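Chains A and B supply the protein sequences, listed in that same order. In our numbering, each number is its position in the first sequence, counted from 1, plus 87. In our numbering, each number is its position in the second sequence, counted from 1, plus 87. Ideal Cβ positions, reconstructed from N, Cα and C, are used throughout, including at glycine. Computed from a predicted structure; not experimentally measured. To keep things clear, I will list the structure first and then write my remarks on it.
2 protein chains.
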Amino acid sequence: MFQYTATYTDLYQLSMAQVYFNKKQNQEATFDYYFRTLPFKGGYAVFAGLEELLTIIEELRFSKEDLAYLKTLDFEDEFLNYLKDFRFGGKITSMSEGEIVFGTAPILQVEANLIEAQIIETILLNTLNFQTLIATKASRIRQVAGDKTLLDFGLRRAQGPGGYYASRAAIIGGFDGSSNVITGRDFDIKISGTMAHAFVQSYDDELTAFRDFAENRPSNCVLLVDTYDTLKSGVPNAIKVAKEMESRGQKLLAIRLDSGDLAYLSKKSRAMLDDANLTYVQIAASNQLDEYVIQSLQNQKAPIDIYGVGTNLVIGKPDGALDGVYKLSYANGKPRIKISESISKVTLPYKKQVYRIKNSEGVLIGADAIAIADEYHVERMNHPVEPFKNLTIKSLNQEPMLKPVMENGKRINKIRTIQEIASYSKEKLSGLPEEYKRFDNPHIYKVGISDRLKQERDKLIAEHKR
Amino acid sequence: MFQYTATYTDLYQLSMAQVYFNKKQNQEATFDYYFRTLPFKGGYAVFAGLEELLTIIEELRFSKEDLAYLKTLDFEDEFLNYLKDFRFGGKITSMSEGEIVFGTAPILQVEANLIEAQIIETILLNTLNFQTLIATKASRIRQVAGDKTLLDFGLRRAQGPGGYYASRAAIIGGFDGSSNVITGRDFDIKISGTMAHAFVQSYDDELTAFRDFAENRPSNCVLLVDTYDTLKSGVPNAIKVAKEMESRGQKLLAIRLDSGDLAYLSKKSRAMLDDANLTYVQIAASNQLDEYVIQSLQNQKAPIDIYGVGTNLVIGKPDGALDGVYKLSYANGKPRIKISESISKVTLPYKKQVYRIKNSEGVLIGADAIAIADEYHVERMNHPVEPFKNLTIKSLNQEPMLKPVMENGKRINKIRTIQEIASYSKEKLSGLPEEYKRFDNPHIYKVGISDRLKQERDKLIAEHKR
Numbered sequence: 088m089f090q091y092t093a094t095y096t097d098l099y100q101l102s103m104a105q106v107y108f109n110k111k112q113n114q115e116a117t118f119d120y121y122f123r124t125l126p127f128k129g130g131y132a133v134f135a136g137l138e139e140l141l142t143i144i145e146e147l148r149f150s151k152e153d154l155a156y157l158k159t160l161d162f163e164d165e166f167l168n169y170l171k172d173f174r175f176g177g178k179i180t181s182m183s184e185g186e187i188v189f190g191t192a193p194i195l196q197v198e199a200n201l202i203e204a205q206i207i208e209t210i211l212l213n214t215l216n217f218q219t220l221i222a223t224k225a226s227r228i229r230q231v232a233g234d235k236t237l238l239d240f241g242l243r244r245a246q247g248p249g250g251y252y253a254s255r256a257a258i259i260g261g262f263d264g265s266s267n268v269i270t271g272r273d274f275d276i277k278i279s280g281t282m283a284h285a286f287v288q289s290y291d292d293e294l295t296a297f298r299d300f301a302e303n304r305p306s307n308c309v310l311l312v313d314t315y316d317t318l319k320s321g322v323p324n325a326i327k328v329a330k331e332m333e334s335r336g337q338k339l340l341a342i343r344l345d346s347g348d349l350a351y352l353s354k355k356s357r358a359m360l361d362d363a364n365l366t367y368v369q370i371a372a373s374n375q376l377d378e379y380v381i382q383s384l385q386n387q388k389a390p391i392d393i394y395g396v397g398t399n400l401v402i403g404k405p406d407g408a409l410d411g412v413y414k415l416s417y418a419n420g421k422p423r424i425k426i427s428e429s430i431s432k433v434t435l436p437y438k439k440q441v442y443r444i445k446n447s448e449g450v451l452i453g454a455d456a457i458a459i460a461d462e463y464h465v466e467r468m469n470h471p472v473e474p475f476k477n478l479t480i481k482s483l484n485q486e487p488m489l490k491p492v493m494e495n496g497k498r499i500n501k502i503r504t505i506q507e508i509a510s511y512s513k514e515k516l517s518g519l520p521e522e523y524k525r526f527d528n529p530h531i532y533k534v535g536i537s538d539r540l541k542q543e544r545d546k547l548i549a550e551h552k553r
Numbered sequence: 088m089f090q091y092t093a094t095y096t097d098l099y100q101l102s103m104a105q106v107y108f109n110k111k112q113n114q115e116a117t118f119d120y121y122f123r124t125l126p127f128k129g130g131y132a133v134f135a136g137l138e139e140l141l142t143i144i145e146e147l148r149f150s151k152e153d154l155a156y157l158k159t160l161d162f163e164d165e166f167l168n169y170l171k172d173f174r175f176g177g178k179i180t181s182m183s184e185g186e187i188v189f190g191t192a193p194i195l196q197v198e199a200n201l202i203e204a205q206i207i208e209t210i211l212l213n214t215l216n217f218q219t220l221i222a223t224k225a226s227r228i229r230q231v232a233g234d235k236t237l238l239d240f241g242l243r244r245a246q247g248p249g250g251y252y253a254s255r256a257a258i259i260g261g262f263d264g265s266s267n268v269i270t271g272r273d274f275d276i277k278i279s280g281t282m283a284h285a286f287v288q289s290y291d292d293e294l295t296a297f298r299d300f301a302e303n304r305p306s307n308c309v310l311l312v313d314t315y316d317t318l319k320s321g322v323p324n325a326i327k328v329a330k331e332m333e334s335r336g337q338k339l340l341a342i343r344l345d346s347g348d349l350a351y352l353s354k355k356s357r358a359m360l361d362d363a364n365l366t367y368v369q370i371a372a373s374n375q376l377d378e379y380v381i382q383s384l385q386n387q388k389a390p391i392d393i394y395g396v397g398t399n400l401v402i403g404k405p406d407g408a409l410d411g412v413y414k415l416s417y418a419n420g421k422p423r424i425k426i427s428e429s430i431s432k433v434t435l436p437y438k439k440q441v442y443r444i445k446n447s448e449g450v451l452i453g454a455d456a457i458a459i460a461d462e463y464h465v466e467r468m469n470h471p472v473e474p475f476k477n478l479t480i481k482s483l484n485q486e487p488m489l490k491p492v493m494e495n496g497k498r499i500n501k502i503r504t505i506q507e508i509a510s511y512s513k514e515k516l517s518g519l520p521e522e523y524k525r526f527d528n529p530h531i532y533k534v535g536i537s538d539r540l541k542q543e544r545d546k547l548i549a550e551h552k553r
């Protein structure tokens, strides 16, 4: 069964590390983490996974089993001896977890010797790509759900143990809770759950099933009403049990619809509950929900109070992955570049800083400027690809976004709870104008490079072309 | 950081279990695992995850931290005390891991008391759904790749720790190896890897980078040739280094292309290598590959020997999830059913057996029959939904597919290695006619129900409609 260890990586990291160990120990390098394309054809993404990544990196070790296995793969004994005591001892600067991000600009930078920087690459990408994807999906769903309760129900369709981090990222993106019990234990996530159809089926009749459940789980009691017939059997039986609960001084929290036309059934059920003076009983709905289905239900004024979202959330449908990459930008005292036939895939050299541009009132103007780290202020930002597009930002407020989060392999700040991260993210998102949040052709947030970075990049391209 | 424990489940399992504990302890139940729709619009799926699931179930416990946390969620002390000593003690019958499966028919059945059967539900779905999806995707890629080498490179785009099982499932579906080191350690998977662009970039020139790599990693040496310019720089430098290796009695294994037009570049590179008498140097290719891109490369006769497949494999693109479900079919001595407005979503009652129908020579005729467990032989199978479609199979060979794999919570057989599972799957797939394997409108494999099962189902539906 899976447990984190330093061999949860691609072999090439260790192959390269072996060569670095023999030939260029202690050469310092800088790597950028960024993605090229915003997920879901959206206008923004929510950066997630950082705090867990720092924990994973702090504790990353090669176990005895790892080393015994690596010995079978032609690694040299001296190198294996080095791995025995491996600790990541580098520096990481990063945007905060929960930050709203836009692609192209580095979200995180690693400064470490080449060996250590390569050994953490895979686990870094594996952690940040997935959680950023899911937090972004969750945020989109939150955009349309208003103040309705959003619950993650996706564990059964997640990638095995990947569901642990799906639930975490969902909260960062704006979900209220999860069905995934362990994440309540580990992240203090509010855990919710109702009953399966099997519970009702295991009884000879639905009413007895509801009664037993209400008697034994009176707090947070939610009854699933669609096992046999929602309106003819499920809702009437739930109403009976709600009345019995009232006579015991208890309250039925909600009924849950899990199939059929959710708009129609929620309206009919609401009317039946209200007619029985059960206006306080909420309606929960689930079944293949995503941001578009919820938007449609909201537009139809379906009286649904709680949405349970499963598969489409935890697999980040339809994208399924974020294309985040980890690229070398500086090594052994020199800027480094990767050339590509497509200019948009050429990497940006040098250790860098990213500035979020705001007006004098601190309002976002919709632009991030990438500069070489020692520039401190950017006069003009240029489109990274198109030659004649630029924007003068000299007189504008420029907030540096990359801040140290790890030094000498140790986390600098206290671990932020996911509740802190989620409210940070919510606040940042509230500052982003609506046109960046819409689903269809969202406004494009500008990400550009400083004059100096552009010159240096183009100089390096020219050198390599010779 | 994630570690398996029994709270890696949906809360409702524990809520239901609390009620069962109070009201109906020791009631025996049967649950079916099956999926409704074949993934990828394909004609078959490859069942995967079973052996890992059995290990997970055997070791499933509530830890001290789990119990302390559950105490905060309104569970009763007596029930928590029961969970402290929880062990799954039930029986599991299943198709073999690696089996070719077709939906609707149970792939696996759990017989246990209601509490235990519910407590394993989520982890069962979480394990089998994902691995079956990925094994099926891998199998589709193998269909088009012929005898080319297929490597899984997807770890960086997987769902955090989910990548561990993606690599495992890829081998079951027909891949030759993975970059994911830990899976070599744990599953004896052949591990492969080359170098990243960063390796080449970290040097002032590509040739020195290649030389250092070849000197220090001469066995399985693969050089990545597209960091600056594939045909002008990468391949010529690789040829120089290959010749230097020859002079040391070593052989360059391959070059790797990771961008650009792979058909064009592989043909040009092949010609350059051949002109240099390096006909033994293979060509590896990667970059957003899937079964369709590989099929196109194969059709163009691209001289690629090794395909590295990443994102599209490990996320099971475009589906991202398999819709496998776990449905109650028998409890407390009675058959159980879930009604739905759509007849295709009505569940099948009773403990069952699935028969794979073959002709007298043992050749598949393209039909599975689902029967009540004590039927032993099926005279006629009926379409599960359409009333007038049936098939007489009385005189045909009927192979029972569900076999005991766990009794009293203990695995019955030795754990099969994934190499054993992969060759079992390959053999079974070779018996499936080609028309079920094609991508476009594959032939539909028939799955039907026996006369008796149909009668019993319809009787239960009628009873519930009253």
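Residue i versus residue j - alpha carbon distance
i      : j      : result
A:R553 : B:F297 : 19 Å
B:N113 : B:K178 : 14 Å
B:P323 : B:A232 : 28 Å
A:N446 : B:P248 : 42 Å
B:L540 : B:K421 : 14 Å
B:H171 : B:Y156 : In the sequence under discussion, the amino acid at residue 171 of chain B is Lys, which differs from the His named in the question. So the alpha carbons of these two residues sit roughly 12 Å apart.
A:Y367 : B:I505 : 54 Å
Buried or exposed (CB count within 10 angstroms, at least 16 for buried), residue i
i      : result
A:R357 : buried
A:R343 : buried
A:E198 : buried
B:N469 : buried
A:K556 : It is not possible to answer for residue 556 of chain A, since the shown part of chain A is limited to 88 through 553.
A:G190 : buried
B:V401 : buried
B:A285 : buried
A:N168 : exposed
B:K319 : exposed
A:I499 : exposed
B:I276 : buried
Identified DSSP bridge partners for residue i
i      : result
B:L415 : B:F118
A:V441 : A:I457
B:G264 : B:L238
B:M493 : B:I179 and B:R498
A:K421 : A:A418
Proximal residues to residue i (C-beta, below 6 Å), its chain only, five neighbours per side dropped
i      : result
B:D538 : R467
B:P305 : Q337
B:A256 : A135, Q218, I221 and A222
A:Q440 : A458, A460, P487 and L489
Nonlocal neighbours in the same chain, by C-beta distance under 7 Å from residue i, ignoring five residues either side
i      : result
A:V472 : I430 and S431
B:G347 : D313 and T317
B:D153 : T92, A93 and T94
Contacts around residue i, its chain only, beta-carbon distance under 8 Å, and the 5 residues preceding and following it disregarded
i      : result
B:K515 : G185, E186 and I187
A:I278 : G264, S265, S266, N267, V268, T270 and G271
Contact residues within the stretch 342 to 353 of chain B, judged by C-beta distance below 7 Å to chain A:
S346 and G347
Under 9 Å, CB to CB, which of the residues in the stretch 122 to 148 of chain A have a partner in chain B?
G136, E139, T142, I143 and E146
So if I threshold CB-CB distances at 7 Å, which residues from the stretch 510 to 543 of chain A count as touching chain B?
none
Looking at chain A, which residues of the stretch 198 to 213 of chain B have a Cβ within less than 9 Å of any of its Cβ atoms?
L201, A204, Q205, E208, T209, I210, L211, L212 and N213
Please identify, using Cβ separations under 8 Å, the residues of the stretch 169 to 183 of chain B that lie next to chain A, in order along the chain.
none
Going along the stretch 252 to 275 of chain B in order, which residues come within less than 8 Å of chain A, judged by CB to CB distance?
Y252, A253, S266, N267, V268, I269, G271 and R272
Mind listing which residues of the stretch 277 to 288 of chain B have their C-beta closer than 9 Å to chain A's C-betas, in chain order?
I278, S279, G280, T281, M282, A283, H284, A285, F286, V287 and Q288
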